[in-house]
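Going by the UniProt record's numbering, the residue at position 66 of the sequence shown is 66; the numbering climbs one at a time, nothing skipped.
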Amino acid sequence: MHNDVTATGHAARIATVDALLPAPLPFEVHDDATLLSAQVGDTTAAGLATSTELGPDSSQSIWRALTEHRLEVQLAGPDPAAGLDALLTRWDEHLSTIARPGDPECSAVVSRPSRDTAGVTEMLRHGFAPVGVIAVRPAQRMAASGPTTTPGVCIRHATPDDLETAVHLMLELQRYDAQFGRVTVRPGIDELVGKELLRLLERPEPQVWIAELYGQALGLAVLQMPDETAWIQHRVAASRIGYLSSLAVAEAARSAGVGTALAAHAHQVFDEAGADVVLLHTAVLNPRSTPFWYAQGYRPLWTGWQRRPAVR
1 MHNDVTATGH AARIATVDAL LPAPLPFEVH DDATLLSAQV GDTTAAGLAT STELGPDSSQ
61 SIWRALTEHR LEVQLAGPDP AAGLDALLTR WDEHLSTIAR PGDPECSAVV SRPSRDTAGV
121 TEMLRHGFAP VGVIAVRPAQ RMAASGPTTT PGVCIRHATP DDLETAVHLM LELQRYDAQF
181 GRVTVRPGID ELVGKELLRL LERPEPQVWI AELYGQALGL AVLQMPDETA WIQHRVAASR
241 IGYLSSLAVA EAARSAGVGT ALAAHAHQVF DEAGADVVLL HTAVLNPRST PFWYAQGYRP
301 LWTGWQRRPA VR
(Lines of atoms letter the chains of each structure in order from A; the text may use other names.)
(Lines give C-alpha, C1' and ligand atoms only; values in the text may rest on other atoms or scores of the structure.)
Protein backbone atom coordinates (compact mmCIF):
# COMPACT_ATOMS: atom_id res chain seq x y z
CA MET A 1 0.00 0.00 0.00
CA HIS A 2 1.42 3.37 -0.99
CA ASN A 3 1.03 6.32 1.35
CA ASP A 4 0.88 8.80 -1.55
CA VAL A 5 -2.00 6.89 -3.18
CA THR A 6 -4.01 7.04 0.05
CA ALA A 7 -3.15 10.73 0.45
CA THR A 8 -4.39 11.50 -3.07
CA GLY A 9 -7.68 9.71 -2.50
CA HIS A 10 -8.06 11.31 0.92
CA ALA A 11 -7.42 14.78 -0.51
CA ALA A 12 -10.07 14.28 -3.19
CA ARG A 13 -12.60 13.13 -0.58
CA ILE A 14 -11.85 15.94 1.88
CA ALA A 15 -12.13 18.59 -0.84
CA THR A 16 -15.83 17.77 -1.09
CA VAL A 17 -16.34 17.97 2.68
CA ASP A 18 -15.23 21.49 3.65
CA ALA A 19 -13.75 24.27 1.52
CA LEU A 20 -11.79 25.65 4.48
CA LEU A 21 -9.80 22.46 5.02
CA PRO A 22 -6.22 22.60 3.74
CA ALA A 23 -5.15 20.12 1.06
CA PRO A 24 -3.45 17.18 2.85
CA LEU A 25 -0.05 15.91 1.73
CA PRO A 26 1.42 12.39 1.99
CA PHE A 27 2.79 11.72 5.46
CA GLU A 28 6.49 12.32 6.03
CA VAL A 29 7.92 9.83 8.50
CA HIS A 30 10.49 11.23 10.92
CA ASP A 31 12.61 9.42 13.48
CA ASP A 32 10.01 9.83 16.23
CA ALA A 33 6.99 8.82 14.12
CA THR A 34 5.49 5.51 13.01
CA LEU A 35 3.54 5.04 9.79
CA LEU A 36 0.57 2.69 10.18
CA SER A 37 -1.65 1.37 7.40
CA ALA A 38 -4.72 -0.77 6.92
CA GLN A 39 -6.82 -1.98 4.01
CA VAL A 40 -10.41 -3.20 3.84
CA GLY A 41 -11.33 -4.24 0.32
CA ASP A 42 -10.76 -1.23 -1.93
CA THR A 43 -10.52 1.15 1.03
CA THR A 44 -7.10 2.16 2.34
CA ALA A 45 -6.13 3.98 5.50
CA ALA A 46 -2.84 5.57 6.58
CA GLY A 47 -1.96 6.94 9.97
CA LEU A 48 1.04 8.84 11.30
CA ALA A 49 1.52 7.99 14.98
CA THR A 50 3.58 10.31 17.16
CA SER A 51 4.21 10.71 20.88
CA THR A 52 5.27 13.75 22.89
CA GLU A 53 5.99 14.31 26.57
CA LEU A 54 5.87 17.41 28.75
CA GLY A 55 6.87 18.20 32.30
CA PRO A 56 4.17 19.32 34.76
CA ASP A 57 5.83 22.75 34.92
CA SER A 58 5.27 23.40 31.20
CA SER A 59 2.62 25.99 30.38
CA GLN A 60 1.26 23.60 27.74
CA SER A 61 0.64 20.90 30.36
CA ILE A 62 -2.58 22.68 31.29
CA TRP A 63 -4.10 21.77 27.95
CA ARG A 64 -3.18 18.08 27.66
CA ALA A 65 -1.92 14.93 29.36
CA LEU A 66 1.81 14.88 30.10
CA THR A 67 2.26 12.05 27.59
CA GLU A 68 0.23 12.47 24.44
CA HIS A 69 -0.02 9.95 21.62
CA ARG A 70 -1.47 11.41 18.43
CA LEU A 71 -2.66 9.84 15.21
CA GLU A 72 -3.08 11.76 11.96
CA VAL A 73 -5.49 9.96 9.66
CA GLN A 74 -5.96 9.72 5.91
CA LEU A 75 -8.73 7.59 4.39
CA ALA A 76 -9.42 6.74 0.75
CA GLY A 77 -11.90 4.45 -0.95
CA PRO A 78 -15.59 3.57 -0.83
CA ASP A 79 -15.84 2.73 2.90
CA PRO A 80 -13.80 5.22 4.96
CA ALA A 81 -15.51 4.16 8.20
CA ALA A 82 -14.28 0.58 7.80
CA GLY A 83 -10.81 1.87 6.93
CA LEU A 84 -10.73 4.01 10.07
CA ASP A 85 -11.90 1.09 12.20
CA ALA A 86 -9.06 -1.08 10.91
CA LEU A 87 -6.53 1.72 11.36
CA LEU A 88 -7.59 2.37 14.96
CA THR A 89 -7.19 -1.34 15.68
CA ARG A 90 -3.61 -1.16 14.32
CA TRP A 91 -2.94 1.90 16.47
CA ASP A 92 -4.32 0.19 19.56
CA GLU A 93 -1.89 -2.66 18.96
CA HIS A 94 0.95 -0.14 18.63
CA LEU A 95 -0.08 1.77 21.78
CA SER A 96 -0.20 -1.44 23.83
CA THR A 97 3.56 -1.77 23.27
CA ILE A 98 4.53 1.77 24.32
CA ALA A 99 1.90 3.10 26.77
CA ARG A 100 1.33 2.12 30.39
CA PRO A 101 -2.22 0.83 30.92
CA GLY A 102 -4.43 2.96 33.17
CA ASP A 103 -2.11 6.00 33.27
CA PRO A 104 -4.35 9.10 33.49
CA GLU A 105 -1.43 11.26 32.34
CA CYS A 106 -1.26 9.38 29.06
CA SER A 107 -3.79 10.18 26.33
CA ALA A 108 -4.56 9.08 22.79
CA VAL A 109 -5.72 11.93 20.54
CA VAL A 110 -7.10 12.04 17.00
CA SER A 111 -8.06 15.29 15.23
CA ARG A 112 -10.55 14.86 12.40
CA PRO A 113 -12.32 17.33 10.12
CA SER A 114 -15.60 18.10 11.85
CA ARG A 115 -17.70 17.69 8.71
CA ASP A 116 -16.06 14.37 7.81
CA THR A 117 -18.56 12.31 9.78
CA ALA A 118 -17.60 8.93 8.30
CA GLY A 119 -16.20 6.87 11.16
CA VAL A 120 -17.81 8.67 14.10
CA THR A 121 -19.40 5.42 15.31
CA GLU A 122 -16.03 3.69 15.02
CA MET A 123 -14.34 6.40 17.10
CA LEU A 124 -16.91 5.88 19.84
CA ARG A 125 -16.56 2.12 19.64
CA HIS A 126 -12.82 2.43 20.23
CA GLY A 127 -13.45 4.45 23.39
CA PHE A 128 -12.81 7.97 22.08
CA ALA A 129 -14.92 10.98 23.00
CA PRO A 130 -15.13 14.35 21.23
CA VAL A 131 -13.50 16.79 23.64
CA GLY A 132 -12.45 19.92 21.78
CA VAL A 133 -13.11 21.79 18.56
CA ILE A 134 -11.05 24.15 16.45
CA ALA A 135 -13.73 26.56 15.31
CA VAL A 136 -13.39 28.96 12.39
CA ARG A 137 -14.92 32.34 11.63
CA PRO A 138 -14.38 33.83 8.16
CA ALA A 139 -13.53 37.54 8.06
CA GLN A 140 -16.36 40.07 8.06
CA ARG A 141 -18.88 37.39 8.96
CA MET A 142 -22.10 38.68 10.42
CA ALA A 143 -22.80 37.19 13.85
CA ALA A 144 -26.25 36.25 15.05
CA SER A 145 -27.82 38.71 17.43
CA GLY A 146 -26.77 37.95 20.98
CA PRO A 147 -27.34 39.56 24.36
CA THR A 148 -27.60 43.32 24.24
CA THR A 149 -24.31 44.79 25.42
CA THR A 150 -24.71 46.24 28.87
CA PRO A 151 -24.35 50.05 28.86
CA GLY A 152 -21.09 51.12 30.42
CA VAL A 153 -18.85 48.38 29.00
CA CYS A 154 -15.45 49.83 28.15
CA ILE A 155 -12.72 47.81 26.43
CA ARG A 156 -9.08 48.82 26.77
CA HIS A 157 -5.57 47.42 26.42
CA ALA A 158 -4.43 45.52 29.49
CA THR A 159 -1.24 46.62 31.24
CA PRO A 160 1.07 44.85 33.72
CA ASP A 161 -1.01 46.49 36.46
CA ASP A 162 -3.89 44.24 35.37
CA LEU A 163 -1.93 41.04 35.97
CA GLU A 164 -3.72 40.01 39.17
CA THR A 165 -7.15 40.57 37.60
CA ALA A 166 -6.15 38.77 34.41
CA VAL A 167 -4.85 35.75 36.33
CA HIS A 168 -8.03 35.58 38.39
CA LEU A 169 -10.25 35.66 35.29
CA MET A 170 -8.14 33.08 33.47
CA LEU A 171 -8.06 30.69 36.42
CA GLU A 172 -11.82 30.97 36.87
CA LEU A 173 -12.24 30.06 33.20
CA GLN A 174 -9.80 27.13 33.30
CA ARG A 175 -11.25 25.62 36.46
CA TYR A 176 -14.69 25.71 34.85
CA ASP A 177 -13.36 24.22 31.59
CA ALA A 178 -11.57 21.42 33.49
CA GLN A 179 -14.94 19.68 33.83
CA PHE A 180 -15.06 19.07 30.08
CA GLY A 181 -11.75 17.28 29.45
CA ARG A 182 -9.71 20.00 27.70
CA VAL A 183 -7.99 21.47 30.75
CA THR A 184 -5.98 19.84 33.53
CA VAL A 185 -5.73 21.93 36.69
CA ARG A 186 -2.25 21.15 37.97
CA PRO A 187 -0.38 22.14 41.14
CA GLY A 188 1.22 25.49 40.44
CA ILE A 189 -1.29 26.48 37.76
CA ASP A 190 -1.49 29.98 39.27
CA GLU A 191 2.22 30.48 38.65
CA LEU A 192 2.09 28.97 35.15
CA VAL A 193 -0.79 31.23 34.12
CA GLY A 194 0.77 34.27 35.77
CA LYS A 195 4.11 33.84 33.98
CA GLU A 196 2.46 33.48 30.58
CA LEU A 197 0.18 36.48 31.07
CA LEU A 198 3.05 38.64 32.36
CA ARG A 199 5.09 37.72 29.28
CA LEU A 200 2.23 38.89 27.08
CA LEU A 201 1.55 42.05 29.07
CA GLU A 202 5.19 43.15 28.94
CA ARG A 203 5.22 43.18 25.14
CA PRO A 204 5.29 46.61 23.44
CA GLU A 205 1.73 46.27 22.09
CA PRO A 206 0.10 43.42 23.99
CA GLN A 207 -2.99 41.95 22.38
CA VAL A 208 -4.58 41.49 25.79
CA TRP A 209 -7.81 43.36 26.32
CA ILE A 210 -9.79 44.14 29.47
CA ALA A 211 -13.54 44.76 29.54
CA GLU A 212 -14.64 47.07 32.32
CA LEU A 213 -18.20 47.57 33.46
CA TYR A 214 -18.64 50.84 35.35
CA GLY A 215 -14.92 50.79 36.17
CA GLN A 216 -14.74 47.17 37.32
CA ALA A 217 -12.65 44.73 35.25
CA LEU A 218 -14.95 41.81 34.44
CA GLY A 219 -13.67 40.39 31.15
CA LEU A 220 -10.44 39.43 29.41
CA ALA A 221 -9.53 38.57 25.82
CA VAL A 222 -6.15 37.36 24.54
CA LEU A 223 -5.44 37.53 20.81
CA GLN A 224 -2.72 36.23 18.50
CA MET A 225 -2.27 38.27 15.34
CA PRO A 226 -1.56 36.81 11.87
CA ASP A 227 2.23 37.13 12.25
CA GLU A 228 2.09 34.86 15.34
CA THR A 229 -0.08 32.00 14.12
CA ALA A 230 2.25 29.88 11.99
CA TRP A 231 1.81 27.08 14.57
CA ILE A 232 -1.85 26.57 13.53
CA GLN A 233 -1.71 27.62 9.87
CA HIS A 234 -1.71 24.02 8.68
CA ARG A 235 -5.25 23.63 10.02
CA VAL A 236 -7.05 25.94 7.60
CA ALA A 237 -7.00 26.95 3.94
CA ALA A 238 -6.26 30.64 4.51
CA SER A 239 -3.26 32.93 4.25
CA ARG A 240 -3.73 35.30 7.19
CA ILE A 241 -5.02 33.71 10.38
CA GLY A 242 -6.04 35.30 13.63
CA TYR A 243 -6.28 33.17 16.76
CA LEU A 244 -8.45 34.01 19.75
CA SER A 245 -6.48 32.42 22.58
CA SER A 246 -8.89 33.10 25.42
CA LEU A 247 -11.99 35.03 26.32
CA ALA A 248 -13.00 35.02 29.96
CA VAL A 249 -15.85 36.77 31.72
CA ALA A 250 -16.31 36.89 35.48
CA GLU A 251 -19.12 34.62 36.59
CA ALA A 252 -21.06 37.53 38.04
CA ALA A 253 -21.11 39.27 34.64
CA ARG A 254 -22.04 36.35 32.39
CA SER A 255 -25.06 36.78 30.10
CA ALA A 256 -24.78 40.55 30.57
CA GLY A 257 -23.21 41.31 27.18
CA VAL A 258 -19.60 41.68 28.37
CA GLY A 259 -18.47 38.62 26.39
CA THR A 260 -20.35 39.77 23.29
CA ALA A 261 -18.67 43.17 23.48
CA LEU A 262 -15.22 41.57 23.88
CA ALA A 263 -15.80 39.21 20.95
CA ALA A 264 -16.98 42.05 18.71
CA HIS A 265 -13.90 44.08 19.63
CA ALA A 266 -11.58 41.13 18.95
CA HIS A 267 -13.14 40.60 15.52
CA GLN A 268 -12.69 44.28 14.70
CA VAL A 269 -9.01 44.04 15.65
CA PHE A 270 -8.56 40.96 13.45
CA ASP A 271 -10.44 42.57 10.55
CA GLU A 272 -8.22 45.66 10.76
CA ALA A 273 -5.16 43.36 10.67
CA GLY A 274 -6.43 41.76 7.46
CA ALA A 275 -7.11 38.29 8.89
CA ASP A 276 -8.86 35.98 6.42
CA VAL A 277 -10.21 33.79 9.22
CA VAL A 278 -10.15 33.62 13.00
CA LEU A 279 -9.64 30.31 14.78
CA LEU A 280 -10.19 29.33 18.39
CA HIS A 281 -10.38 26.21 20.54
CA THR A 282 -13.50 25.43 22.52
CA ALA A 283 -14.65 22.51 24.66
CA VAL A 284 -17.36 20.47 22.96
CA LEU A 285 -19.28 19.85 26.18
CA ASN A 286 -19.11 23.39 27.57
CA PRO A 287 -22.78 24.47 27.66
CA ARG A 288 -21.83 28.14 27.73
CA SER A 289 -18.94 28.68 25.35
CA THR A 290 -20.07 26.38 22.52
CA PRO A 291 -23.41 28.12 21.80
CA PHE A 292 -21.81 31.51 22.48
CA TRP A 293 -19.11 31.10 19.85
CA TYR A 294 -21.43 29.68 17.25
CA ALA A 295 -23.68 32.71 17.79
CA GLN A 296 -20.62 34.88 17.05
CA GLY A 297 -20.26 33.37 13.57
CA TYR A 298 -17.96 30.40 14.26
CA ARG A 299 -18.46 26.81 13.16
CA PRO A 300 -16.56 23.56 13.80
CA LEU A 301 -13.58 22.93 11.53
CA TRP A 302 -11.67 20.19 13.39
CA THR A 303 -12.89 17.96 16.21
CA GLY A 304 -10.40 16.60 18.71
CA TRP A 305 -11.19 13.08 19.93
CA GLN A 306 -9.48 11.84 23.09
CA ARG A 307 -9.12 8.61 25.03
CA ARG A 308 -7.55 9.07 28.46
CA PRO A 309 -5.93 6.84 29.61
CA ALA A 310 -4.61 5.94 26.17
CA VAL A 311 -4.58 2.24 27.10
CA ARG A 312 -7.12 1.04 29.63
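Backbone N, C-alpha and C define an ideal beta-carbon position, used for all residues, glycine too. Predicted model only: the values in this text are computed from it and were never measured.
Best match in the options for proximity to residue i [C-alpha to C-alpha]
{"i": "Thr43", "options": "Val5, Phe27, Pro26 and Ala33", "result": "Val5"}
{"i": "Trp302", "options": "Ala237, Ala250 and Leu247", "result": "Ala237"}
{"i": "Gly188", "options": "Ser58, Leu87 and Val40", "result": "Ser58"}
{"i": "Phe180", "options": "Glu172, Thr89, His69 and Val284", "result": "Val284"}
{"i": "Val185", "options": "Ala310, Val311, Leu66 and Ile14", "result": "Leu66"}
{"i": "Val131", "options": "His30, Trp209, Gly102 and His281", "result": "His281"}
{"i": "Ala15", "options": "Arg115, Ser61 and Ser96", "result": "Arg115"}
{"i": "Gln233", "options": "Pro24, Gly259, Tyr294 and Ala7", "result": "Pro24"}
{"i": "Ser246", "options": "Val17, Ala135 and Asp271", "result": "Ala135"}
{"i": "Ser107", "options": "Trp63, Gly41, Ala33 and Ser255", "result": "Trp63"}
{"i": "Ala266", "options": "Ser37, Ala211 and Leu88", "result": "Ala211"}
{"i": "Pro113", "options": "Ala295, Asn286 and Arg13", "result": "Arg13"}
{"i": "Phe118", "options": "Ala250, Ala76, Glu164 and Gly41", "result": "Here the sequence assigns Ala to residue 118, which means Phe is not the residue at that position. Of the listed residues, the one whose Cα sits closest to Ala118 is Ala76."}
Pair within 8 Å by beta-carbon distance, residue i and residue j
{"i": "Ala49", "j": "His10", "result": "no"}
{"i": "Val183", "j": "Gln174", "result": "yes"}
{"i": "Leu244", "j": "Leu220", "result": "no"}
{"i": "Asn3", "j": "Pro22", "result": "no"}
{"i": "Phe128", "j": "Gln306", "result": "yes"}
{"i": "Val109", "j": "Glu68", "result": "yes"}
{"i": "Leu262", "j": "Ile155", "result": "yes"}
{"i": "Pro226", "j": "Gly274", "result": "yes"}
{"i": "Arg137", "j": "Gly304", "result": "no"}
Simplified DSSP state of residue i, which is helix, strand or coil
{"i": "Ser239", "result": "coil"}
{"i": "Ile134", "result": "strand"}
{"i": "Ser114", "result": "coil"}
{"i": "Ser37", "result": "strand"}
{"i": "Ser61", "result": "helix"}
{"i": "residue 324", "result": "Residue 324 is absent from the structure shown; the chain starts at 1 and stops at 312."}
{"i": "Val29", "result": "coil"}
{"i": "Ala99", "result": "coil"}
{"i": "Ala139", "result": "coil"}
{"i": "Ala129", "result": "strand"}
{"i": "Ala108", "result": "strand"}
{"i": "Ala76", "result": "strand"}
The beta strand (DSSP E) enclosing residue i, as first and last residue numbers
{"i": "Val208", "result": "Val208 to Leu213"}
{"i": "Leu87", "result": "Counting along the chain, Leu87 falls outside any beta strand (DSSP E), though it belongs to the alpha helix (DSSP H) covering Pro80 to Leu95."}
{"i": "Glu53", "result": "Thr43 to Glu53"}
Residue i: first and last residue of the uninterrupted alpha helix (DSSP H) it sits in
{"i": "Gly9", "result": "Asn3 to Ala15"}
{"i": "Val120", "result": "Val120 to Arg125"}
(request) Could you pull out every unbroken alpha helix (DSSP H) segment of at least 4 residues lying fully inside the UniProt domain "N-acetyltransferase" (153–312), listed in chain order? (result) With a minimum length of 4 residues, the continuous alpha helix (DSSP H) runs that stay inside the UniProt domain "N-acetyltransferase" (153–312) are 163–177, 189–201, 258–272 and 289–295.
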